[in-house]
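Engineer: The sequence shown lines up with residues 1384 to 1508 when you count with this note's numbering. Glycine included, C-beta positions come from ideal geometry on N, C-alpha and C.
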Amino acid sequence: MALTPDLQEEARAIAKELAAIARSAEVLPGSLTSRRTRCGRQGCKCMADLPQPHGPYWQWTRKVAARTVCRWLTEGQAADYRTWVTNDRRLRELVARLEAIGVAAVEADPRSRRRRGGRRPPPQS
Ligand SMILES: [Zn+2]
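Here it is as structure tokens:
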């Protein structure tokens, strides 16, 4: 089943970008968030009239087997790995777009039979 020239071209561009990300080998799932905290101790700068909370502390959060797992990172680590997280997000966008192209291909396939207002019957050979 051939894609339209437009979609072929888009798929090639996606493949190129995917390859560049893969070559970098800098891909990290999850997200990075900075947190500022107050310890609550009397006289601490975090409790002053003009409070200066502690931190920022960096937290890397990801899902492992449907559970959220967190790890604290140093500021340097957060700076180093930020692009890795961005790469992972982009990678997922690109794969989702490729999948959408695949869906469009099946939808446009003349062998995909349509029937108004009902379920599609299975294709007949
Ligand atoms: Zn404090």
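Identify whether V1410 lies in helix, strand or coil by the three-state DSSP scheme.
Structural biologist: Looking at V1410 - three-state DSSP - the assignment turns out to be coil, as it is neither helix nor strand.
Engineer: Are the segment 1443-1450 and the segment 1411-1418 touching, with three or more C-beta to C-beta distances below 8 Å?
Structural biologist: yes
Engineer: Using the Cβ count rule (16 or more neighbours within 10 Å means buried), how would you classify W1455?
Structural biologist: exposed
Engineer: Looking only at its chain, what residues have a beta carbon closer than 8 Å to the beta carbon of P1439, apart from the 5 residues adjacent to it on each side?
Structural biologist: S1417, R1418, R1419 and E1458
Engineer: By DSSP, does R1418 sit in helix, in strand, or in coil?
Structural biologist: strand
Engineer: Cutting at 6 Å between CB atoms, please list the residues of its own chain near L1481, excluding the five before and the five after it.
Structural biologist: I1397
Engineer: Any heavy atom of ligand 1 within a distance shorter than 7 Å of the CB on K1428?
Structural biologist: yes
Engineer: Under 8 Å by Cβ, that's how I've got L1390 and A1487 pegged, so tell me the actual separation to the nearest angstrom.
Structural biologist: Between L1390 and A1487, the beta carbon gap of about 7 Å places them in contact (Cβ cut-off 8 Å).
Engineer: Applying the criterion that 16 or more other CB atoms from any shown protein chain within 10 Å of the CB defines a buried residue, is V1452 buried or exposed?
Structural biologist: exposed
Engineer: Pick out whichever of K1428, I1484, N1470 and P1434 has its Cα sitting closest to the Cα of I1404.
Structural biologist: N1470
Engineer: Can you name the start and end residues of the alpha helix (DSSP H) that G1438 belongs to?
Structural biologist: Careful: G1438 lies outside any alpha helix (DSSP H), inside the beta strand (DSSP E) at H1437 to V1447.
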